Amino acid sequence: MTAMGVREIREVGAAAFAWLSAHRGDFALGEEALTADGHVDTSWKPLGELAQTCTSVRAHTPPSDPLYACASDLLRFAWQQTGRGELLLRLQRLEPFATYPLEIYSVFAAAGLRHPGYEAAAATTARTRGWRLTEQEPTRRLGVLRAERRSGIHRPEQAAQALRRTWLGGLPEPWTFERSSGYALTHVVFHLTDWGRTPAGVPADLAAYLAHWLPPWLDTCLDAGMWDLSCELLIVAASLPDPPDPAALQDAWTRIARAQYDSGALPEQAPQDAAGADEEPDFLRCYHSTLMAAFAAAQTVNRLTGERDGTGGDGRGPHLDGIHNRYGGQGVPG
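At position 117 of the sequence shown (counting the first as 1) the number is 117 in full-length UniProt numbering, and the numbers step up by one without a gap.
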């Protein structure tokens, strides 16, 4: 890919960060964040995903890049919203067997932002049989195991066992790919590679399978205007052991750039009718896809240019799996 192509991809990421910075207030936690009937999907989930994206972008962007400073600023904002971890400790006490507080905390811990009191409380809960035996889908289990390790919790369960029970780990018939399996496979790769920092974490058979089938799956999602999932697949493409084919990425990034609004927002899905094409979607219908555009751009540029990772810490994690359901650590991957 030409230097101009790389620059254009970077501009997509810069525009996405401009939107994220302008809308940081929409990520702030409200008073309902610690209530039993609070809407986790509209409070903790967006904030945790903002932190994850910023941690990941810092890990893939040189500190001299202005985007590194922007990501660092938003990460500090997210940490401050948690009371520098104190609200997560309160959440742990309110819902000791929910895993989403640990998943969120692990993102900050990976960036070097830690709260000893929270870690002690989470470790106590993790020693119970109730925590260890919580039933979870395999992709979800992978994420929880990674979150535990990042937070200083270690137990003998092997991630490899959970991996082979996932959709991707079973090397399914490629024609069975659909939206739900697409999100599941992206999250598996995110967990295996620490969001692209360790491409060698993808086993050889999975890497070969993805190298063959990811391009047509990506084309299918782009044709359907599924911009959010398309960006996640672009992250996967740039996270495999072999660098992505620049020519194969050109069309995908051209279409993502065309779908992006002048403000930098990227809708999750293309509008179904032309009448809604000019109307920017509300925050909840574009924040995650905009986050993914920012990270996909940083990861792609990093792999295409061969730049070394920044010093932003470990970027493990997905969209924060499982935040949808408050109880029992259950959730909907992706």
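Cβ coordinates follow ideal geometry from the N, Cα and C atoms, glycine included. Treat the numbers as computed from the prediction; the structure is a model and nothing was measured.
- Unbroken beta strand (DSSP E) stretches of 3 residues or longer found wholly inside the stretch 135 to 207: none.
- The residue among 86, 13 and 85 with its C-alpha nearest the C-alpha of residue 58 is 13.
- C-alpha of residue 27 to C-alpha of residue 300: approximately 26 Å in a straight line.
- Taking the CA atoms as reference points, residue 247 sits about 21 Å from residue 224.
- Under the three-state reduction of DSSP, residue 287 is assigned to helix.
- In this structure, residue 206 places its C-beta atom within 9 Å of the C-beta atom of residue 192.
- Counting only the Cα atoms, residue 169 lies some 10 Å from residue 209.
- Here residue 46 has 27 and 287 as same chain residues with Cβ atoms under 7 Å from its own Cβ, once five neighbours each way along the sequence are excluded.
- Contact between the stretch 67 to 75 and the stretch 95 to 103 is absent: fewer than 3 CB-CB pairs across the two stretches fall below 8 Å.
- Sequence-distant Cβ neighbours of residue 43 in its own chain, meaning closer than 7 Å and more than five residues away, are 29, 30, 32 and 33.
- If you draw a 10 Å sphere on the C-beta of residue 162, you find 16 or more other C-beta atoms in it, and that means buried.
- Note on geometry: alpha-carbon atoms of residue 297 and residue 186 lie some 16 Å from one another.
- Closest in C-alpha terms to residue 290, from the list 15, 62, 6 and 272, comes 15.
- Counting only runs that start and end inside the stretch 74 to 140, the alpha helix (DSSP H) elements of at least 4 residues fall at 86 to 94, 100 to 110, 116 to 126 and 129 to 132.
- In the displayed model, residue 263 falls within coil according to three-state DSSP, outside both helix and strand.
- Residue 306: not part of any alpha helix (DSSP H); DSSP gives it neither H nor E.
- Residue 220 carries a helical assignment under DSSP once its states are collapsed to helix, strand and coil.
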